[in-house]
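Undergrad: Residue numbers (the numbering used here): 28 to 232.
C-beta atoms are modelled at their ideal positions from N, C-alpha and C, and glycine is treated no differently.
If you're wondering where the values come from, they're calculated on a predicted model, not measured in any experiment.
1. With distance defined between alpha-carbon atoms, name the residue in 166, 219, 213, 180 nearest to residue 192.
2. How close, in whole Å, do the beta carbons of residue 307 and residue 190 come, if the pair is a contact with beta carbons under 8 Å?
3. Just verifying my parser: in three-state terms, what is the DSSP assignment at residue 203?
4. Hey, is residue 124's beta-carbon within less than 8 Å of any beta-carbon in chain B?
5. Please report the Cβ distance between residue 170 and residue 221, rounded to the nearest whole angstrom; I am assuming they are in contact, meaning their Cβ atoms lie under 8 Å.
6. Between residue 211 and residue 177, which are expected to be in contact by the criterion C-beta below 8 Å, what is the C-beta distance as a whole number of angstroms?
7. Considering only residues of the same chain and omitting the five flanking positions on each side of residue 175, which have a CB-CB separation below 7 Å?
8. State the Cα-Cα distance for the pair residue 207 and residue 194, rounded to the nearest angstrom.
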């Protein structure tokens, strides 16, 4: 028990030494702010007083402008209208009236109305031989019969004529005889519109 007390006492005696901090020296000297403030206001007040006094002096020194005198506008007299005088026309000589136009007698118009014009119709010369129209020549008779039937559907009559050639017989489909060529041409135009062509016209053989 005696040893424990000794140890505690020895430890209690060795306490750490705390160093005291020295206050830092404030090298900066405090500027007296109270002295600057009234000096600035004094300068501003003096400037305001000076400007106000100068403005009052300027206003009192400048004279007031005189009112401008307006002169009345000169009125010019209007020009008097000049009466237009009628232009003197030159005296024209009196023109004598023309004598009345004599009545013309259009005798030739009456003659034309009463005249009869006779036109002689040209007589067509009768051909020395009648005409025929051929609408195909075939080697086989069956083909010729088919063409003949197509022509019959158009209301025309045809016939098959056999002709001997160097290489065999030809079956010719012909129409006619026609006493006038104009009639043959009319039938040819009719067959052409139906798609049946070619058709040739010549004298009857």
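TA: Straight from the coordinates:
1. Here the question's residue 192 lines up with position 165 in the chain shown. Per the Cα distances, 166.
2. In the structure as shown, the chain starts at 28 and stops at 232, and residue 307 therefore has no counterpart that could be examined.
3. Stepping through the chain shown from its first residue, residue 203 is reached at position 176. Strand at residue 203.
4. In the structure shown, chain B cannot be found, because there is only a single protein chain.
5. As a working note, residue 170 is residue 143 in the chain shown. As a working note, residue 221 is residue 194 in the chain shown. No, residue 170 and residue 221 are not in contact; Cβ-Cβ is about 18 Å, not under 8 Å.
6. Numbered from 1 along the chain shown, position 184 holds the residue referred to as residue 211. Numbered from 1 along the chain shown, position 150 holds the residue referred to as residue 177. Incorrect: roughly 18 Å between the Cβ atoms, too far for contact.
7. In the chain shown, the residue the question calls residue 175 occupies position 148. Result list for residue 175: 185, 187, 200, in chain order.
8. Here residue 207 refers to the residue found at position 180 when the chain shown is read from its first residue. Here residue 194 refers to the residue found at position 167 when the chain shown is read from its first residue. Their backbone Cα atoms lie some 34 Å apart in a straight line.
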